[in-house]
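So the structure is just underneath, and the comments pick up after that.
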Amino acid sequence: MGTINNHDLLAVQSYITANDATQYSHLHESTLVLDLTHSNLKQRHIEIRFDKHTTVSSLRDKIYQQTGTAPHHQHLQVLQSTASPPLYEIPPESQNDRMLGYYGITHGMTVHCVDIDPNSASRGGGYEDTSLVERYVMSEEQYNKRSGTLRDWGRDMKKNDPDFSLAKHAKEHRELMEAQRQAKLGLELPRGFEFDEAGTVVRSEDEENTEVDPSGGTSGASKTEIEKEYGIDTVEGVQVNMRCEISPGNRRGSIAFVGIIPELGGGGHWVGVIFDEPVGKTDGTTLKDGKRYFTAPGPKYGGFMRGKRVTVGNFPERDIMDELDDDSEDEL
Numbered sequence: 113m114g115t116i117n118n119h120d121l122l123a124v125q126s127y128i129t130a131n132d133a134t135q136y137s138h139l140h141e142s143t144l145v146l147d148l149t150h151s152n153l154k155q156r157h158i159e160i161r162f163d164k165h166t167t168v169s170s171l172r173d174k175i176y177q178q179t180g181t182a183p184h185h186q187h188l189q190v191l192q193s194t195a196s197p198p199l200y201e202i203p204p205e206s207q208n209d210r211m212l213g214y215y216g217i218t219h220g221m222t223v224h225c226v227d228i229d230p231n232s233a234s235r236g237g238g239y240e241d242t243s244l245v246e247r248y249v250m251s252e253e254q255y256n257k258r259s260g261t262l263r264d265w266g267r268d269m270k271k272n273d274p275d276f277s278l279a280k281h282a283k284e285h286r287e288l289m290e291a292q293r294q295a296k297l298g299l300e301l302p303r304g305f306e307f308d309e310a311g312t313v314v315r316s317e318d319e320e321n322t323e324v325d326p327s328g329g330t331s332g333a334s335k336t337e338i339e340k341e342y343g344i345d346t347v348e349g350v351q352v353n354m355r356c357e358i359s360p361g362n363r364r365g366s367i368a369f370v371g372i373i374p375e376l377g378g379g380g381h382w383v384g385v386i387f388d389e390p391v392g393k394t395d396g397t398t399l400k401d402g403k404r405y406f407t408a409p410g411p412k413y414g415g416f417m418r419g420k421r422v423t424v425g426n427f428p429e430r431d432i433m434d435e436l437d438d439d440s441e442d443e444l
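In my numbering, the protein residues as written are 113 to 444.
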């Protein structure tokens with residue numbers, strides 16, 4: 113072993129080896145702590161306890177249990193260390209009645225088993241090399257017939273959503289995990305995510321980044337349904353310059369726009385808001401086309417959302433020195 117010059121490593125080494133000289137002092141005087149190794153195996157069984165009165169025959173039985181080599185195929189070597197020549201050679205079928213104490217074996221020595229069986233199953237990595245194991249391979253036809261598999265689940269999901277794919281699902285899951293990670297770190301959520309009423313990170317449904325039909329309509333929704341969901345009634349009483357609060361998150365600001373925004377698609381009416389703090393997604397322009405509907409003081413101070421998420425009223429700008437209200441749990 114090379115010389116260690118790093119003082120910290122020397123300190124660690126000193127700490128670890130401090131009790132080496134006395135590590136066996138608590139054991140009974142007839143107890144032996146030995147390591148067992150095998151010629152065909154990489155595994156090393158360390159600090160196995162024996163009694164000085166244990167016979168070689170019993171030792172062979174123990175090695176058989178650990179390695180699978182039958183006693184009559186075990187040629188044993190007693191080693192002071194793995195780098196030193198054997199202190200004793202114990203051939204098979206000999207000295208079986210002698211006790212370990214006869215050999216003057218001490219704590220920390222190694223008993224190495226040389227497997228002399230020409231047909232040993234442990235030869236050539238038979239017990240440890242997993243590449244030698246023939247793997248079961250299921251045909252595509254068999255897999256397709258199985259229920260409860262990922263592919264079967266994907267087929268069920270596709271029945272409900274023709275656009276579903278496992279790749280799309282995996283991508284969305286990764287995005288959600290990343291958004292949750294950023295939330296835990298107290299960072300701003302990525303575009304397309306928000307906190308719901310319970311404070312859980314969810315995908316945005318009604319803000320500008322909602323995915324819509326490229327034609328400008330809402331996929332699968334009729335004009336009547338759009339009018340009912342996002343019609344003028346949903347923004348009734350909402351006027352420019354009114355103070356408001358947006359849910360979830362209790363974000364406060366002022367109304368800057370009310371009306372239809374064709375560039376966002378989805379139909380219906382939208383509400384543009386200038387936030388008091390940089391908690392939005394835009395500066396008053398649509399993200400996809402860059403058309404401006406109002407001017408916010410910064411790139412994160414504006415946002416477009418549906419009327420059902422907007423509450424107008426007496427919502428003064430918060431003083432950062434004020435104590436948090438009980439209903440502020442949705443804010444991070």
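Cβ atoms here follow ideal geometry from the backbone N, Cα and C, with glycine treated the same way.
- Here the segment 167-187 does not lie against the segment 247-266, with fewer than 3 beta-carbon pairs under 8 Å apart.
- For the beta strand (DSSP E) assignment, the uninterrupted runs of no fewer than 3 residues enclosed by the segment 207-265 are, from N- to C-terminal side, 222-227.
- Under the rule that a run must span 3 or more residues, the beta strand (DSSP E) segments found entirely inside the segment 363-410 read 363-372 and 381-387.
- A straight line joining the alpha-carbon of residue 201 with that of residue 257 spans about 60 Å.
- Around the beta carbon of residue 188, a 10 Å sphere encloses 16 or more other beta carbons of the protein chains shown; the residue is thus reported as buried.
- Just so you know, the alpha carbons of residue 297 and residue 344 end up roughly 39 Å apart.
- With contacts defined by Cβ atoms closer than 9 Å, residue 427 and residue 369 do not form a contacting pair.
- When 401, 407 and 279 are compared, the shortest CA-CA separation from residue 384 is found for 407.
- With contacts defined by Cβ atoms closer than 9 Å, residue 259 and residue 270 do not form a contacting pair.
- By the criterion of at least three beta-carbon pairs nearer than 8 Å, the segment 141-159 is in contact with the segment 217-228.
- Contact check for residue 382 against residue 371 passes: the beta carbons are separated by less than 9 Å.
- Nearest C-alpha to residue 401 among 118, 373 and 247: 373.
- For residue 145, the enclosing beta strand (DSSP E) starts and ends at 143-150.
- The three-state reading of DSSP puts residue 190 in strand, counting E and B together.
- Note: residue 201 is bridge-paired with 189 in the DSSP secondary-structure output.
- Of 174, 131 and 165, the smallest CA-CA separation from residue 211 is found for 165.
- In this structure, the beta-carbon distance from residue 419 to residue 339 does not fall below 9 Å.
- When the beta-carbon positions are compared, residue 313 and residue 357 stay at least 9 Å from each other.
- Take residue 301, set aside five residues on each side of it, and the residues of its chain with a beta-carbon closer than 8 Å to its own are 291, 294, 295, 307 and 313, in chain order.
- No residue range can be given for residue 344, since it is assigned to no alpha helix (DSSP H) and is classified by DSSP as neither H nor E.
- Distance from the CA of residue 378 to the CA of residue 342, rounded to the nearest whole angstrom, comes to 9 Å.
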